[in-house]
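Visitor: Below are the structure tokens for one structure; questions will follow.
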Amino acid sequence: MTRYTLTNVAKDGVLIVALGNHWLRRNLGITLKRKYYTSSKMRGAARLLQHLRELSKTNEDMSSYLSPRNFDLVCEAALLCAHMENDDEDLKSPSTSIKIGFDVARMAGFKLGIALRDGNNDAKEEAEELKMLMTMEWSVRVSKLA
151 MTRYTLTNVA KDGVLIVALG NHWLRRNLGI TLKRKYYTSS KMRGAARLLQ HLRELSKTNE
211 DMSSYLSPRN FDLVCEAALL CAHMENDDED LKSPSTSIKI GFDVARMAGF KLGIALRDGN
271 NDAKEEAEEL KMLMTMEWSV RVSKLA
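Residue 160 in our numbering sits at position 10 of the sequence shown, with consecutive numbering throughout.
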């Protein structure tokens, strides 16, 4: 995956851009490092999206994957981002999967906010249900392996 492709994936995703804006605003006082931290978070989300697309063999946006029916896929993609070794439960970078979990929950919150503003009840329900699944299962399915 080239840097150019990853950058385009990050820039084209509404939820990934919202995540970047969130981290940029959160780090306003740290002028020297905020852009690096923000771009790191956006690249992580873009990598997750790339893995989701590879696993599902579709070219959807992040919002489409952030639904309860795709929760298993999101868990699997998060473990791939952490460089899971074959079927072993060893991760090369275990903290990555934990960080991705927090960012997935944030993006689900952004999806919920957009749905509320647009009056989209289907997207609202998807986001709320995904957040419930994240609370109930993420720690056991992903974070526990880290």
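Just so you know, even glycine gets a beta-carbon here, dropped at the ideal spot from N, CA and C.
Report back the beta-carbon spacing between VAL292 and GLY251 to the nearest angstrom; my notes put them in contact at under 8 Å.
Guide: As a position in the sequence shown, residue 292 is number 142, starting the count at 1. As a position in the sequence shown, residue 251 is number 101, starting the count at 1. With 8 Å as the limit, VAL292 and GLY251 qualify as a contact, their Cβ atoms being about 6 Å apart.
Visitor: Taking the Cβ atom as the reference point for each residue, do TYR159 and LEU199 lie within a distance shorter than 8 Å?
Guide: To locate residue 159, count along the sequence shown from 1; it is residue 9. To locate residue 199, count along the sequence shown from 1; it is residue 49. Contrary to the premise, residue 159 reads as Val rather than Tyr in this sequence. Closer than 8 Å, so yes.
Visitor: Between the C-alpha atoms of LYS185 and LEU174, what's the straight-line distance to the nearest angstrom?
Guide: If you number the sequence shown from 1, residue 185 lands on position 35. If you number the sequence shown from 1, residue 174 lands on position 24. Rounded to whole angstroms, LYS185 to LEU174 spans 7 Å at the Cα level.
Visitor: Between the Cα of PHE260 and those of LEU169, ALA196, GLY163, spot the shortest distance and give me the residue it belongs to.
Guide: The count along the sequence shown starts at 1 and reaches residue 260 at position 110. Measuring from the Cα of PHE260, the nearest candidate turns out to be LEU169.
Visitor: Cutting at 7 Å between CB atoms, please list the residues of its own chain near PHE221, excluding the five before and the five after it.
Guide: Here residue 221 refers to the residue found at position 71 of the sequence shown. Answer for PHE221: LEU280, LEU283, listed in chain order.
Visitor: Label GLY194 either buried or exposed according to how many other C-beta atoms from any shown protein chain fall within 10 Å of its C-beta, with 16 as the threshold for buried.
Guide: Sequence index remark: in the sequence shown, residue 194 carries index 44 (1-based). With 16 or more other Cβ atoms within 10 Å, it is buried.
Visitor: My understanding is that ALA227 touches THR246, with C-beta atoms under 8 Å, so please give their C-beta distance in whole angstroms.
Guide: Here the question's residue 227 lines up with position 77 in the sequence shown. Here the question's residue 246 lines up with position 96 in the sequence shown. No, ALA227 and THR246 are not in contact; Cβ-Cβ is about 12 Å, not under 8 Å.
Visitor: In this structure, how does DSSP classify ASP253 when only helix, strand and coil are distinguished?
Guide: The residue you call residue 253 lines up with position 103 of the sequence shown. Of the three classes helix, strand and coil, the one that applies to ASP253 here is helix, per DSSP.
Visitor: Can you give the beta carbon distance from VAL224 to LEU202, rounded, assuming they're within the 8 Å contact cut?
Guide: Residue mapping note: residue 224 aligns to position 74 of the sequence shown, counting from 1. Residue mapping note: residue 202 aligns to position 52 of the sequence shown, counting from 1. With a Cβ gap of about 7 Å, VAL224 and LEU202 count as contacting.
Visitor: Distance, Cα to Cα, GLU276 vs THR181?
Guide: By one-based count along the sequence shown, residue 276 stands at place 126. By one-based count along the sequence shown, residue 181 stands at place 31. As the crow flies, the alpha-carbon of GLU276 is around 36 Å from that of THR181.
Visitor: Compute the distance between the beta-carbons of VAL254 and SER213, then report whether it is under 8 Å.
Guide: Here residue 254 corresponds to residue number 104 of the sequence shown, with the count starting at 1. Here residue 213 corresponds to residue number 63 of the sequence shown, with the count starting at 1. No, these two residues do not count as a Cβ contact at 8 Å.
Visitor: If contacts are defined as beta-carbon pairs under 8 Å, then LEU229 and LEU178 qualify, I think. What distance do you get, rounded to the angstrom?
Guide: Start at 1 with the first residue of the sequence shown, and residue 229 comes out as number 79. Start at 1 with the first residue of the sequence shown, and residue 178 comes out as number 28. Actually they do not touch by this definition, with Cβ atoms about 33 Å apart.
Visitor: Pull up the distance between the alpha-carbon of MET286 and that of MET257, whole angstroms please.
Guide: Within the sequence shown, numbered from 1, the residue matching residue 286 stands at position 136. Within the sequence shown, numbered from 1, the residue matching residue 257 stands at position 107. In a straight line, the C-alpha of MET286 is about 17 Å away from that of MET257.
Visitor: Could you tell me which of LYS161, GLU204, SER206, GLU210 sits nearest to ASP188, measuring between CA atoms?
Guide: Mapped onto the sequence shown, residue 188 falls at position 38. The sequence shown places Thr at residue 188, rather than the Asp named in the question. Here the closest residue by C-alpha is LYS161.
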